[in-house]
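Asks:
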Amino acid sequence: MARISRIDNTQKRPQTAPLEERVKVAEEQDGRSRSQFMGASQRVDFGLVICLTILLAFGMVTLFSASMSASVSGTGQGTAYIARQALANGLGIGVIFIITKFNIKTFDRLEFALILYVFSLLLLGLTYFTAPINGAKRWLTVPLFGQFQPSEFAKVVLVYTLACYFSWLNKQRASGRFMRRRGFKGAYFDTWFDIFLPMCITMIPAVITLGQPHFSGMIIIVAVGFVCLLAAGIPIRNWLVAIGTGMVLILALLFILTVSDPILPQGIKDNFAHVETRLDIFTGNGEASEAAIYQSRQSLIAMGSGGTFGVGLGQGKQKNNYLPEGHNDYIFSNMVEEIGFVGGMSVLVLFLIFFILGLRVTFKANSIYAQIVAGGITSLIVIQALLNLAVNVQVIPPTGISLPFFSYGGSSNLFFLFGVGLLLNVSKYGTSKNLSHKVS
Amino acid sequence: MMRKNKKRREGPIRKTSREEYVDRIRRQTRRAKYGLRKSFILVIIGVLAFSVAITASLYKITVKDHKKYSEMAANTHTARYPIYPARGNIRSADGKDLAISTFTYTVGVTPDVFGPSKNSDYTQAQVEEKVAKILDIDLLKFRQNLKENEDAAYMVVKKEITAEKNDELNVFLDEAKVYGMRQDANQARYYPQGDLASTIVGFANKRDENIEGVIGIESYYNSLLGGKTGYYYGQVDNYWGQTLPNTSQIYVPAENGYDLELTIQSDLQAKAQELSRQAAEVTHSLNGAQMLVLDAKTGAILAMAGDNYFDLNDPMEAPYNVDPKSWDPSKKKEQLDYLTGTYWYGKSASQPYEVGSTFKPFVLGMALDEGTITPESIVSDEFVYIEGWPEAISSYDDMSKGAISISYAIWDSRNPPFVRIAQGLGLDTFYKYISRLGLREKTGLDVAGENVGLVHQEPQEIDMAVTAFGEQITMTGLRLATDYVLLANNGAMLRPYLVQRVVDADGEIKEEHQPEVIRNVYSVETAEKVRQIMLGVGRYGTGQELYLPGLECSYKTGTSSRNLHGGVNDDTQTSNYVTLLPADNPQYVIYSAVHDLEKTDGWSFQAIHRQMSEYIAFRDDFPLKYKAYDLNKIFSVNYSPDVLGSSFADGQKKLMWQGIYPVLDDKLKPGETIQSQYPPAGGYSSYDTKVWLSNKANALPDEWTTMEDFTGLTLENAKKQAQRLGLNVVCMGGNRAGTVTDQEVSYQDLAGGSKPGDLIRKYSTVVLYFYGDDNPGPSEDDSLTYGMNDGTGALYGY
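Taken in order, these protein sequences are the chains called A and B. Note that numbering that gives the first Met the number 0 has the first sequence beginning at 0, numbered continuously upward. Note that numbering that gives the first Met the number 0 has the second sequence beginning at 0, numbered continuously upward.
#1: Could you please give the first and the last residue of the uninterrupted alpha helix (DSSP H) stretch that includes A/P149?
#2: Is the CB of A/M334 under 8 Å away from at least one CB in chain B?
#3: In chain A, which residues lie less than 8 Å from B/V251 when you measure between Cβ atoms?
#4: Would you list, in chain order, the members of the stretch 301–314 of chain A that have their beta-carbon closer than 8 Å to a beta-carbon of chain B?
#5: In angstroms with no decimal places, state the Cα-to-Cα distance between A/L238 and A/A222.
#6: Anything in chain B within Cβ reach of A/K154, meaning under 9 Å, just list it in chain order.
#7: Taking only three categories from DSSP, how would you classify A/W138?
#8: At a Cβ cut of 7 Å, what residues of the stretch 42–72 of chain B count as close to chain A, listed as they run along the chain?
#9: For a test of the three-state rule: what should DSSP assign to B/D629, helix, strand or coil?
#10: Report the residues of the stretch 172–186 of chain A with a CB closer than 7 Å to any CB of chain B, ordered along the chain.
#11: Would you grab the beta carbon distance between B/G256 and B/A85 for me? Rounded to a whole angstrom, and I think it's under 8 Å.
#12: Let me know if B/S778 comes out buried or exposed under the rule of 16 or more other beta-carbons within 10 Å of its beta-carbon.
#13: Taking the alpha carbon of B/L168 as the reference point, which residue from B/D137, B/G107, B/N185, B/R206 has its own alpha carbon closest?
#14: Cα-Cα, which of A/S426, A/E337, A/G343 is closest to A/A373?
#15: Chain B beta carbons: is any one of them nearer than 8 Å to that of A/Y321?
#16: Any beta carbon of chain B sitting closer than 8 Å to that of A/G210?
#17: Would B/K117 pass as an interface residue toward chain A - the criterion being a Cβ-Cβ separation below 8 Å?
#18: List, in order along the chain, the chain B residues whose C-beta lies closer than 8 Å to that of A/M344?
#19: For a contact defined as C-beta to C-beta under 9 Å, what are the partners of B/K32 on chain A?
#20: When the Cα atoms are used, what is the spatial distance from A/Y329 to A/L47?
#21: Alpha carbon to alpha carbon, what distance is there between A/G429 and A/I203?
#22: So for B/P495, helix, strand or coil by DSSP?
#23: Could you check whether B/T705 and B/L758 sit closer than 8 Å to each other, using their CB atoms as the reference points?
#24: Which residue or residues does DSSP assign as beta-bridge partners of B/L293?
#25: Where do the ends of the alpha helix (DSSP H) carrying B/M655 lie?
#26: Distance cutoff 8 Å, beta carbons only. Does B/F113 sit that close to anything in chain A?
#27: Per the DSSP calculation, A/G145 is bridged to which residue(s)?
#28: Measuring CA to CA, which of B/D380, B/R561, B/Q543, B/E515 is closest to B/V354?
#29: Name, please, each residue of chain B whose Cβ falls closer than 8 Å to the Cβ of A/S259.
#30: In the structure shown, what three-state DSSP assignment does B/V321 receive?
#31: From the DSSP output, in three-state form, read off B/V501 for me.
#32: Is B/H76 close to chain A? Criterion is C-beta to C-beta, closer than 8 Å.
#33: Which first and last residues belong to the alpha helix (DSSP H) in which A/I103 is found?
#34: Interface residues of chain B around A/L388 at Cβ under 7 Å?
#35: For B/S404, write down the residues that DSSP places opposite it in a beta bridge.
#36: Is there a Cβ of chain A sitting closer than 8 Å to that of B/F171, yes or no?
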């Protein structure tokens, strides 16, 4: 009864007037077509667009400065890197335009997600058959496109897949399947669908990424997966069950590892040697390679010599092959050298603004799909940015994380922009309060 | 959707109405939204925490530690490029370059960058062609190398091009506006005179692009010669070290090294080297020979040579007395040690030895100074017996001459009188003078590796007794010569030196050596008296082949022996000679020694020593004044001995016994047999005749001069003219102080000419006739005019 009364309540709201009526009124008001009206009840989040524009512009300027000398030394021209990045960004913006033209429902399909998910796993798997670069197999070379990291793709696809999964689950439950049950057994049953299954979805790409080996990629995938689970708004009861189960599993695993350590194949241990190395640089345990210490030191020199306001845009010296990866993972250090503490903080603040705007869309989202996409993509970008900054300022051990919209890397930016496209799509179509059930 | 819902409604699990479905969706969504808001607090907290941590760390790095990292940054980006100064040159006193710096250039390119700039009028191909042409390299190969090394940051195109070539290249590079080519200057040291003064000048090696002296003046004055390295500090990139734009550069210019002007006179040095080597080769000395010429007024070293000299441009070459085939110092350590420990160093400063009787004049000086004897004193030559010494102390001939004058004791180098003189002085006074004579200290010559000889630390009477005639005490040739300078210089000891002037690149004198008196050892009178007494050594005493007729000089000879082969008796002898030229107002101190002869043929070495004093006397045009003794010596005619078929050494010795000086053909080396001599054997010879020797049969010297007229010249002028022309003269006739009345060339067919104006072979003998009776000159007066009478006339003839 209560349920029915709730429906009744909502039916009383003015915007629940019959669709035909609303369409008619709208057509009378501004002459918009029905289809347009159905989806485009709002515009994309203007704040997000502004924020993204600033980030991209800032990123391009910074990359131009940071990559120029490497570009000259590598290709003889100063604009080789920036041109590629501009092309990728242009493509990404095009993708955003396309995505924001479609109704949100167009994407909320588990089939689509599964196709992309499997595709991303395939790409990840393919990296195992490539020649290692710096001891890791993270890159795929695609004709005409160049090199790209499938893990970047996998991150965005994971958010999308989880969003579609929970949306699907939501609908299944609405139609009476897998409904939440009471009691411990029920909780355990629910947890399977709410947590364990999506965790499996997360862990498959995470484990493949870890095996590349790509520790930081794995961390981000797991973190994003976790955030998506949080964004799914799963009841605390299920979390508790999951945590309890998880702890039991971890204890069991630890026990097994301790027992089996002597017989563990050396290859597996070697695979993670680089993780230890990076931790050691950070903790100063001395085992780190000279190159790694050099890189950390050079990034400190870059930032430290920048001071409060920096040495001036374009005037940085560390980019002249002193700081390795200066246009890539360590672009932030180069940037701080040139525009100082103030410039560095403005980057952090920009990402925080992006986070707030992304959260606003997330909280305004009117469906599980929308809120997971919005929360997931926002978090993905912000977490990756913060981790990159944290590596640069040596809050966490060095690890290969690029700075979204800043670091050189056409493919990763393209995927991030694809993600932002989904986010903007949500901001446009997924925040109208009643749309989801109205259309269903 | 509708289709699905329908399907679901028909499904077996549960029937759900549309309302129910929508309701559930809505409830679930609301619940999820609620859950999201709660759980996302975690994400927000995480993001905020991270942001705070990043902010704090960034603040610490950029603001708090800014200074530290700025310094690190400056150190990281700043490159210091040394600018090497040009090393100063070394010149002889007569302006000959002994060591100079030359520059060559290494041309290199960055293949990828190399080429004309956009606004150049040249094409890439033209630039390549022209560069190849200027550098004289193969164009095709050059192009191929450019292609093969495309990715290299630097590729050498050509090494060691001259400064002129480099200038030519620069003109073209500017004109064609070529990028990517670099010329690096390489400084090199060159010794234009080869082996001249090699043990004095020493040589320098390249170390880290800078040239550093290894031995000799090059090493001793390295800092003056080397100048100061300049630096260029710039902020550079980490690719190829290119200067970064908009950065400041600091340029500290290099200061070029100073030039050094030595006291060495190249002609004297060359002669001293030649004579030393000849002496060593002729006498078979085991430890070579040496010769020193010092300026008696200043202590300047005018020549300092040993038989060991070497090409400074190739210091590792085989020593002259070692078979080059067995020479490989890069592999044989003992050979390298010989070079670095012995052969590269001058003997004069580094090898102390027992000088023997050349020390006696100093003992004489002590006694005269102390007044224990006078020049007129008569001393006993009876053997001296000293407690603790097994044998009687006697002289070289093991005879006693009884009571003799002090002069005779010097002339004939008697030992017992000097033992008695020393005893008369007493140990304390004697050794006081030993110290004052500097035998316990270095001379202070500006050369590395000077050594001090051995002097008894707590001397007994026997030590003093043997020291009195120069035994059981060692000193370097340099020390002995320096002490003779004090006799020449009125008793004041001067510090010997090698560098006269320090001059900067513009010719401005930075430092000029001033004669430095170390101490006065003898009174002016004492020094003078000793020199006077030494006059007779050449005329009556042990140094008669040292004698220069017409120029009164002080002479002294000395011989010491030692046991090198471990037998019962001493088996080798060292001879040394000193000339103070001239005696009354000495300008030069000439010292020479041959070390460790296995046979006692030190006498023959006197003719070699005389070559130097003769050369100087004629070079400086000292006025010659002939006494009856001199005229007798000059007008006594001999016949050249036959040395054909003799060995290299024996033949030369045979000549030298007659005072004849052998001049060697280039190819006549030790071990060869003498096959030719010119003038031929049996020809007229005089005390100062020079005979040319060759190892080829029937050979004649291929050196020519233009015959001049001698008639009408006085003996002095005729001698000087002959010396200038390189001819031998033999004087005949009775009008000895008159002028030449006639001249005649011996062996005219061999000489090639006879009349004035003819080309004539050098070393030819010209017989000069002094006919007439208007000016016969002194015939009875054999006295020495300088200072004193030669005392006891009975001593004539020794």
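For each residue, glycine too, the CB sits at the ideal point set by N, CA and C. Computed from a predicted structure; not experimentally measured.
Replies: Reading off the structure:
#1: Residue mapping note: residue 149 of chain A aligns to position 150 of the first sequence, counting from 1. DSSP places A/P149 inside the alpha helix (DSSP H), whose first and last residues are 149–173.
#2: Along the first sequence, read from residue 1 onward, the residue named residue 334 of chain A stands at position 335. Not one chain B Cβ lies under 8 Å of A/M334.
#3: Position 252 of the second sequence holds residue 251 of chain B. Here the premise fails: no neighbours, minimum Cβ distance about 22 Å.
#4: Residues of the stretch 301–314 of chain A with a C-beta atom less than 8 Å from some C-beta of chain B are A301, M302, G303, S304, G305, G306, T307, Q314, listed in chain order.
#5: Position 239 of the first sequence holds residue 238 of chain A. Position 223 of the first sequence holds residue 222 of chain A. Sequence inspection shows Trp at residue 238 of chain A; the Leu mentioned does not correspond to that position. So the alpha carbons of these two residues sit roughly 16 Å apart.
#6: Counting from 1 along the first sequence, the entry for residue 154 of chain A is found at position 155. Those do not exist, as A/K154 stays about 16 Å from chain B at its closest Cβ, beyond 9 Å.
#7: Locating residue 138 of chain A in the first sequence gives position 139, where the first residue counts as 1. DSSP places A/W138 in the coil class of the three-state scheme, outside both helix and strand.
#8: Answer in chain order: V42, V46, F49, S50, A52, I53, T54, S56, L57, Y58, I60, T61, V62, D64, H65, K67, Y68, S69, M71, A72.
#9: Start at 1 with the first residue of the second sequence, and residue 629 of chain B comes out as number 630. In this structure, B/D629 counts as helix in the three-state DSSP scheme.
#10: Of all residues in the stretch 172–186 of chain A, R172, A173, S174, G175, R176 have a Cβ within less than 7 Å of some Cβ in chain B.
#11: To locate residue 256 of chain B, count along the second sequence from 1; it is residue 257. To locate residue 85 of chain B, count along the second sequence from 1; it is residue 86. About 7 Å; that satisfies the 8 Å criterion.
#12: As a first step, residue 778 of chain B is located in the second sequence; it is residue number 779 there, counting from the start. By the 10 Å Cβ count, B/S778 comes out exposed.
#13: To locate residue 168 of chain B, count along the second sequence from 1; it is residue 169. Of the listed residues, the one whose Cα sits closest to B/L168 is B/G107.
#14: For the purposes of this step, residue 373 of chain A is taken as the residue at position 374 of the first sequence. Closest option to A/A373, judged by alpha-carbon separation, among A/S426, A/E337, A/G343: A/S426.
#15: Looking up residue 321 of chain A in the first sequence gives position 322. Yes, A/Y321 counts as interfacial toward chain B.
#16: Within the first sequence, numbered from 1, the residue matching residue 210 of chain A stands at position 211. It does not; no Cβ of chain B falls within 8 Å.
#17: As a working note, residue 117 of chain B is residue 118 in the second sequence. Chain A, which has no Cβ nearer than 8 Å to the Cβ of B/K117, makes this no.
#18: Here residue 344 of chain A refers to the residue found at position 345 of the first sequence. By Cβ distance, chain B contributes T54, L57.
#19: Start at 1 with the first residue of the second sequence, and residue 32 of chain B comes out as number 33. The answer, in chain order, is G232, F362, A364, N365, I367, Q370.
#20: Numbered from 1 along the first sequence, position 330 holds the residue referred to as residue 329 of chain A. Numbered from 1 along the first sequence, position 48 holds the residue referred to as residue 47 of chain A. Near 25 Å, if we compare the C-alpha coordinates of A/L47 and A/Y329.
#21: Here residue 203 of chain A corresponds to residue number 204 of the first sequence, with the count starting at 1. Here residue 429 of chain A corresponds to residue number 430 of the first sequence, with the count starting at 1. Taking the straight line joining both Cα atoms gives about 29 Å.
#22: On the second sequence, position 496 is the one that residue 495 of chain B refers to. It is coil, neither helix nor strand.
#23: In the second sequence, residue 758 of chain B corresponds to position 759, counting from 1. In the second sequence, residue 705 of chain B corresponds to position 706, counting from 1. Yes, the Cβ-Cβ distance between B/L758 and B/T705 is below 8 Å.
#24: Reading the second sequence from its first residue, position 294 is the one you call residue 293 of chain B. In the DSSP output, where bridge partners are listed per residue, B/L293 has B/I300, B/V588.
#25: What you label residue 655 of chain B is simply residue 656 of the second sequence in a count that begins at 1. Residues 647–656.
#26: Here residue 113 of chain B refers to the residue found at position 114 of the second sequence. No - not a single Cβ of chain A is within 8 Å of the one on B/F113.
#27: Translated into the one-based positions of the first sequence, residue 145 of chain A becomes position 146. Paired residue(s): A/V141.
#28: Locating residue 354 of chain B in the second sequence gives position 355, where the first residue counts as 1. For B/V354, the closest C-alpha among the options B/D380, B/R561, B/Q543, B/E515 is that of B/R561.
#29: By 1-based counting over the first sequence, the position of residue 259 of chain A is 260. None at all; the shortest Cβ gap to chain B is about 34 Å.
#30: Counting from 1 along the second sequence, the entry for residue 321 of chain B is found at position 322. The answer is coil: DSSP assigns B/V321 none of H, G, I, E or B.
#31: Indexing the second sequence from 1 puts residue 501 of chain B at position 502. When DSSP states are grouped into helix, strand and coil, B/V501 belongs to the strand group.
#32: On the second sequence, position 77 is the one that residue 76 of chain B refers to. Chain A, which has a Cβ nearer than 8 Å to the Cβ of B/H76, makes this yes.
#33: Looking up residue 103 of chain A in the first sequence gives position 104. In the DSSP assignment, A/I103 falls within the alpha helix (DSSP H) that extends over 103–106.
#34: Stepping through the first sequence from its first residue, residue 388 of chain A is reached at position 389. Chain order gives the chain B residues near A/L388 as I53, where near means a beta carbon separation below 7 Å.
#35: What you label residue 404 of chain B is simply residue 405 of the second sequence in a count that begins at 1. Partner(s): B/I377.
#36: Translated into positions along the second sequence, residue 171 of chain B becomes position 172. B/F171 is outside the set of residues whose beta carbon lies under 8 Å from a beta carbon in chain A.
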